[in-house]
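Below is one structure, written out as structure tokens, with a few remarks after it.
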Amino acid sequence: MQNSITEYDLQRFRPIEESRGAALLMVILIMIMISGMLFFNARVTSFEQQISGNDRRAKLAHHAAEAGISHAMRYFSRNIRDINSVGDDGWLSPTGLDRHWLPCSANDTTLPCSAASLEADGRADGFNRENVFYYVENPDAENLNTYLPLNALVKKYDDSDPPVLLDSTNYQVQALLCVMDYDPDKYVSGSTHTYAKCDGSGTPTGIHMAIRVISTGTSDDGSAEAVIMQTLANVEPGGGPPTVPIMSYSAIAPNGSINIVVNPNAGGLGVPTSIWSRNYVSVEEPGAGSIATCEFEEFLASRDSAFWRTWTDSTGVQYATCDSCTCPDKEADGALSHTQNTEPARKFFDIVDEDPRFPDDIFEYYFGVARTEYQLVRDQADTVLTDCSTVDTTLHGLVWVDGYCDLAGKEVGSGTGPVALVASKGVKLNSNSILYGVLVITDPTIPPEEQNVDSIPVSLNGGPIVYGAVISDPGAAVFNGGFTVVFIKDILSKIHPLIVLGNLSGSWSDQLTAN
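Residue numbers (this note's numbering): 558 to 1072.
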């Protein structure tokens, strides 16, 4: 029999060969699909890494810019007394060596001036470019440096030992200054709102100000940048100027002659107040001392005008004081409260004593910060002294005395430049002593509840005069002697004992609009 392959055999093996080809095709298709998926996944992973990297760098730049805002706020806080001062040492001085502000121009479209709107824009942000100033390190330099002198490098380390630097970012901070003035054209009678504007005159003299801080943060590789703005404003955290001539935590039992000119409207219109105390004030009880209270007109009327002292404030208003005047001791002559003399003693409602609403801590009441934070007040003082041997009429503003303050025979401050004098370790005034402003007798290192009478040595004898107000801690027995306190609102209103910077609500922005 011969072996041969028939047509039948060929037809029988053809499906096997065809199935092998189909399998190979499927394998090739699967490989192509897997390769495509791997390629697509690689592309997606690459995109995600790029997005993640961009996001990280953007956050680094943003955090650096935020750090710049915080550091700028601290920098301005440390120099808050000079920022809007036009004095020789002030940053707004037209010729001083420490000046740092130059006026913006309407056509300046570069930072920092471009961060302020043009008046024609109609944007109600208050910062009109025509009326604000921009910060420069040296206004006399050929090339102006508009950045604050801050350490602009922010480094981040891990927790290893020694620490390893993870990244470092940079920021640069610029600033605009708006010295607030009030716009009488927008005043509406009966309205509770006060309309403010920026004073763009050459030497603005306003107390209140706003600072727009523009911080530019840069990522560690320099590829990402963030610009944010925050407006800071100065506020007085305390209760404002004293409204009562004498605030004393201690009981008051005078053993000398005390004259007090009241605040005629302290308790409301036409409601006078002379003394406010947590404890009892002795007036009607028999004793060696005397108290007489009255209003300012009756005080001046006790002496001929030849004995008056007149002075004119910065606004041209003339005032009179009298170093030898006294309050009358008869009700017919205008006496309010008085001890027994030719008439029976009278304790009028101008003396508010045993008041449970009296503040527990006069330091916090006046300055607006806790007693434990007294260093903040001391740091912002215009003058810090170890004693009072050098004080005179040129002294003004907040004065902090670390040691005992002997003011015997001295005249401190003036009607146009009063002081808020903090005597932290005791004070002495005698017959030739005159103080314009607020005498704050407090030792902030001792809590009020731990103070005893005479914890703070105080001597007011022989008729010294305070034109303003006296505030005392529980440990200060200020009424062991004779003296006069004359409440003059216009003097007290010139004193700003503590000014702090705070963020203006709603002013943060990362959308810089320039024109």
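A virtual CB, placed ideally from N, CA and C, is assigned to each residue, including glycine.
DSSP-derived helix/strand/coil call for residue i
i	result
K546	Within the shown structure, residues of the chain are numbered from 558 to 1072, placing residue 546 beyond reach of any answer.
K754	strand
S1066	strand
K1046	helix
G653	coil
Q731	strand
I640	helix
Y632	helix
C945	coil
D963	strand
H620	helix
I771	strand
E968	strand
V792	strand
R903	strand
E842	coil
T1041	strand
A808	coil
Q604	According to the sequence displayed, residue 604 carries Phe and not Gln. In the structure shown, F604 sits in a helix (DSSP, three-state: H, G or I).
N688	helix
C670	helix
D738	strand
A849	strand
L1055	coil
S862	helix
Other residues of its chain near residue i: CB distance less than 8 Å, five sequence neighbours each side excluded
i	result
F864	C879, D880, S881, C882
E782	A618, T773, G774, T775, S776
D1000	S981, K982, Q1008, S1012, I1013, D1030, G1032
E852	V818, V819, P821, P829, G891, L893
P794	F924, G925, V926, L1055, V1057
Cut-off 6 Å between Cβ atoms - residues of its own chain near residue i, not counting five sequence neighbours on either side
i	result
L826	none
P802	I817, S831, A1026, V1042, F1044
D738	K754, D756, G763
C661	C670, R686, V689, Y691
S946	none
G966	N989
V874	none
Y961	K982, G983
P798	L1049, S1050
Per-residue burial, residue i [other beta carbons within 10 Å of its own, 16 or more giving buried]
i	result
I1022	buried
I1052	buried
S1062	exposed
V819	buried
D646	exposed
G593	exposed
A1071	Its pLDDT being 45, under 50, A1071 is placed unreliably in this model, and the value from its coordinates should be taken loosely. By the 10 Å Cβ count, A1071 comes out exposed.
T667	exposed
G994	buried
F684	buried
M558	Because the pLDDT of M558 is 49, which lies under 50, any placement of that residue in the model is unreliable, and the number read from its coordinates should be weighed accordingly. It counts as exposed.
L581	exposed
Nearest-angstrom Cβ-Cβ length linking residue i and residue j, presumed shorter than 8 Å
i	j	result
L734	N641	7 Å
M630	L1058	6 Å
G625	Y728	4 Å
D939	L955	5 Å
I771	A672	5 Å
V838	I908	5 Å
P811	S847	7 Å
V958	D944	7 Å
Residue from the options with nearest C-alpha to residue i
i	options	result
E623	D778, G763, M786	M786
P975	L1049, E1006, F906, R835	L1049
T929	R866, N989, T1002, T947	T1002
L1055	L582, G610, V926	V926
E900	Q937, A849, R914, D936	A849
D1030	T726, I809, S758	I809
T800	S807, A823, L789	A823
N523	L857, E841, N700	An answer regarding residue 523 cannot be provided, because it is not within the stretch 558 to 1072 covered by the chain.
D861	A877, Q1008, G873, C851	A877
F856	Y632, G653, E888, N700	E888
P706	H657, Y922, V838, W1065	H657
D949	Q937, R935, E968	E968
K1046	T973, D1067, V997	T973
Y1024	S609, D665, W868, Q606	W868
V736	F597, G610, I637	I637
Residues of its chain near residue i, where Cβ-Cβ distance is below 7 Å and the 5 sequence neighbours each way are ignored
i	result
V643	L649, S650, T760, T762
D917	P1005
S988	G1019, G1020, P1021
T1095	Residue 1095 lies beyond the range of the chain shown here (558 to 1072); nothing can be said about it.
R835	Y806, D912, F915
F633	I640, I768, L789, L1058
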